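A.B. asks: So that we are looking at the same thing, I have put the structure below in structure tokens.
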Amino acid sequence: MFPPGVAETNPSVPLFIGYTEKAMMAAPDDLLEQPVSVSSLREYEMYFGMSSLKFFMMYYSIAAYFNNGGGKCFVISIGKDPDLVKKQDFIRGLTLSEQVVDTGLLLFPEATKLPGLALYEVQQLALAGCDRLQNRFCILDLKPATDAESHTGVVTEFRDNIGLWNL
Numbered sequence: 160m161f162p163p164g165v166a167e168t169n170p171s172v173p174l175f176i177g178y179t180e181k182a183m184m185a186a187p188d189d190l191l192e193q194p195v196s197v198s199s200l201r202e203y204e205m206y207f208g209m210s211s212l213k214f215f216m217m218y219y220s221i222a223a224y225f226n227n228g229g230g231k232c233f234v235i236s237i238g239k240d241p242d243l244v245k246k247q248d249f250i251r252g253l254t255l256s257e258q259v260v261d262t263g264l265l266l267f268p269e270a271t272k273l274p275g276l277a278l279y280e281v282q283q284l285a286l287a288g289c290d291r292l293q294n295r296f297c298i299l300d301l302k303p304a305t306d307a308e309s310h311t312g313v314v315t316e317f318r319d320n321i322g323l324w325n326l
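Take the sequence shown: its position 69, counting from 1, is numbered 228 in the working numbering, and each next residue is one higher.
Written out as structure tokens, the structure reads:
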């Protein structure tokens, strides 16, 4: 039993936020912007599709999760076009994620495609939500780098823009 004010959660259950090929259980888009529990890659593919013509980072993240022994997770599809990533989509996804109490980990890898400094704004909002809810944490992805020099720049940009939390 936890003392009052400490939320009980399952830290091993991740929640993925991103773009999917479809978001359908019974009717087109009926799962769009809905937290959905998924227990296998096959189930994910049935509801959210695969990566056919476009590069859906969410699909590959989910596939890696299940291929490495992952169990239940949650998925929030924020749209169907990973080429048109928008900060507002991720903000909506983060807001929706707060409805899910049985998760302890947030991931949103496609946010690395956001232009300019928008990635860090989304990451700061995610960290603020974790701090406020006190029942989850997030894995923050860095922007892609092509070599050691650009990687150093990406890390510096991340450190300069993510902010300091409770230090």
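All C-beta atoms, glycine included, are put in the ideal place defined by N, C-alpha and C.
What you are looking at is a predicted structure, and each value in this text was computed from that prediction instead of being measured.
Consult DSSP for F225 and reduce its assignment to one of helix, strand or coil.
C.D. replies: For the purposes of this step, residue 225 is taken as residue 66 along the sequence shown, with counting starting at 1. In this structure, F225 counts as helix in the three-state DSSP scheme.
A.B. asks: Using only the alpha-carbon positions, how far apart do G177 and V260 sit?
C.D. replies: By 1-based counting over the sequence shown, the position of residue 177 is 18. By 1-based counting over the sequence shown, the position of residue 260 is 101. Computed Cα separation, rounded: 19 angstroms.
A.B. asks: Got a sec? Which residues, its chain only, sit under 8 angstroms from L276 by beta carbon, not counting five neighbours each side?
C.D. replies: As a working note, residue 276 is residue 117 in the sequence shown. N320.
A.B. asks: Which runs of the beta strand (DSSP E) at least 3 residues long sit entirely within the segment 259 to 318? Give them in chain order.
C.D. replies: Runs found: 264 to 266, 296 to 298.
A.B. asks: What are the start and end residues of each continuous beta strand (DSSP E) run of 3 or more residues lying completely inside the segment 190 to 215, in chain order?
C.D. replies: Listed in chain order, they are 195 to 197.
A.B. asks: Using DSSP with H/G/I as helix, E/B as strand and the rest coil, what is I235?
C.D. replies: Looking up residue 235 in the sequence shown gives position 76. I235 falls in the strand class under three-state DSSP.
A.B. asks: So G177 is in the beta strand (DSSP E); what residue range does that whole segment cover?
C.D. replies: What you label residue 177 is simply residue 18 of the sequence shown in a count that begins at 1. First-last of the beta strand (DSSP E) with G177: 173 to 177.
A.B. asks: Does DSSP put K246 in a helix, in a strand, or in coil?
C.D. replies: In the sequence shown, counting from the first residue as 1, residue 246 sits at position 87. DSSP places K246 in helix when its eight states are reduced to three.
A.B. asks: Quick check: the Cα distance between L200 and R318, rounded to an integer number of angstroms?
C.D. replies: Stepping through the sequence shown from its first residue, residue 200 is reached at position 41. Stepping through the sequence shown from its first residue, residue 318 is reached at position 159. Cα to Cα, L200 sits roughly 34 angstroms from R318.
A.B. asks: For V314, I'd like the list of residues in its chain whose CB is within less than 8 angstroms of its CB, leaving aside the five on either flank, ordered along the chain.
C.D. replies: By 1-based counting over the sequence shown, the position of residue 314 is 155. Within the same chain, V314 has close Cβ partners L301.
A.B. asks: Out of T254, Y224, V244, point me to the one whose CA is closest to R291's CA.
C.D. replies: Walking along the sequence shown from the start, residue 291 turns up at place 132. Measuring from the Cα of R291, the nearest candidate turns out to be T254.
A.B. asks: Assuming F175 and V234 are in contact, meaning their beta carbons sit under 8 angstroms apart, how far apart are those beta carbons, in whole angstroms?
C.D. replies: Residue mapping note: residue 175 aligns to position 16 of the sequence shown, counting from 1. Residue mapping note: residue 234 aligns to position 75 of the sequence shown, counting from 1. Going by Cβ atoms, the distance from F175 to V234 rounds to 5 angstroms, so yes, they are a contact pair.
A.B. asks: Once DSSP output is grouped into helix, strand and coil, what is the label at G252?
C.D. replies: Locating residue 252 in the sequence shown gives position 93, counting from the first residue. G252: helix per DSSP, three-state reduction.
A.B. asks: Between A287 and L265, is the Cβ-Cβ spacing less than 8 angstroms?
C.D. replies: Translated into the one-based positions of the sequence shown, residue 287 becomes position 128. Translated into the one-based positions of the sequence shown, residue 265 becomes position 106. Result no, Cβ atoms of A287 and L265 do not sit closer than 8 angstroms.
A.B. asks: Identify whether M217 lies in helix, strand or coil by the three-state DSSP scheme.
C.D. replies: Here residue 217 is taken as the residue at index 58 of the sequence shown, counted from 1. Three-state DSSP puts M217 in a helix.
A.B. asks: V281 to F249, Cα distance in whole Å?
C.D. replies: Residue numbering aside, residue 281 sits at position 122 when the sequence shown is read from its first letter. Residue numbering aside, residue 249 sits at position 90 when the sequence shown is read from its first letter. Each residue's Cα considered, the two are about 7 angstroms apart.
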